[in-house]
Each structure stands twice: as structure tokens, then as C-alpha cells.
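In full-length UniProt numbering, the protein residues as written are 1 to 166.
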């Protein structure tokens, strides 16, 4: 059985009832819920997010909620590795994994995989960051467009992180 077989994805905006709907579905089909919300992975953000309360989980197993410290880096790639393991684990118990959350990149990574990023040295990345700080975002973006005119249609001039990454 492939990882994509018998997986339910429940997505939607904040406070749209995803979690309560997922619990109803899980009860009906003997499923287990996996977090697909990038903020709900963090221990310290339980008040700021609509993370299901322990007593509100209605005897349905919930996975990957509140396990990561906000002081540590956590990427979509790290989430994807963990979620694939959880899916296999749940399927071995003959239950259906139900991914619940609003992080589109998480859903894209599980359905399409991650984009292969080139391996760029830390030294080079730091040089680019220093250049951007030295000349400012506006000049940095103009120089980037000179090198790659297609960037103009793909990256907002004020998006520092994507501009530096490009």
C-alpha cells in the first residue's frame, strides 16, 4: 500500500471547524489525526493556535501537535519526514491517517513532494545577505532583475527572503 492510499486531507481557514470535523470523520472511519498546521507543531503556541485540547480530542489519537520548541528551527522538510513515518505507523494499525490544518505548503509537500533546492554554501548565502543589507532591498532587487528579468513576475520587490534566495 503506497503512502498516498487512504489518506484524508482536511484543509481550510482558521476557525473553520477543521478539527471538530476531523474528529467526527476519525470516529466514523477509525482514523487518527495528524497535524498539518505549521504553528501547531510548537509547544509554546498552544494559546495562539486553535490546537485541540487534550480533553477535546474525543479519544482519537492526535499526532505532531505541540512537540517542537520555538527556539529550534523546524522546516517543511522535517515535518514531511515525520508525517510520512506517522502515516506508515497509523496504516500499520489499519487506521486511516487524517491530516488536518491550514498550511498549504505542508499539503503540497505531502502530495507533490518538495522542490529540490540547490546546495548553496553558508559562506555564499552570508555574502548575499550582507550585500542586500549594504545596498538596500530596492537596489538589490533592481540588480536581481538585471540578472534574471523573470524574477519581476515571480517575486514581490519587498520580499527580502525570496529576493535573497533567488
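Glycine included, each C-beta is placed from N, C-alpha and C at the ideal position.
Query	Result
Spatial neighbours of residue 129 in its chain, beta-carbon cut-off 8 Å, leaving aside the 5 residues before and after	164
Reference residue 14, options 142, 96 and 104, closest by Cα	104
Boundaries (first-last residue) of the alpha helix (DSSP H) holding residue 45	Where residue 45 is concerned, there is no enclosing alpha helix (DSSP H), given that its DSSP letter is neither H nor E.
For residue 117 and residue 48, the rounded distance between their alpha carbons	Below a pLDDT of 50, predicted positions are generally treated as unreliable, and residue 48, at 47, falls in that range; the measurement from the model is reported next regardless. Between residue 48 and residue 117, the C-alpha separation is close to 31 Å.
Spatial distance of residue 44 from residue 65 (CA atoms)	11 Å
Minimum C-alpha distance to residue 106 - residue among 125, 76 and 19	76
Per DSSP, cross-strand counterpart(s) of residue 8	98
Start and end residues, alpha helix (DSSP H) containing residue 35	Per DSSP, residue 35 belongs to no alpha helix (DSSP H); it is in the beta strand (DSSP E), 31-35.
Where residue 132 sits in the DSSP three-state scheme	helix
Residues bridged to residue 68 [DSSP beta-bridge criterion]	42
When 137, 26 and 7 are compared against residue 160, the one with the closest alpha-carbon	137
Assigned exposure category for residue 109 - 16 Cβ within 10 Å defines buried	buried
Sequence-distant residues of its chain with Cβ nearer than 7 Å to residue 141 (five each side left out)	157 and 163
Buried/exposed call for residue 114, threshold 16 Cβ in 10 Å	exposed
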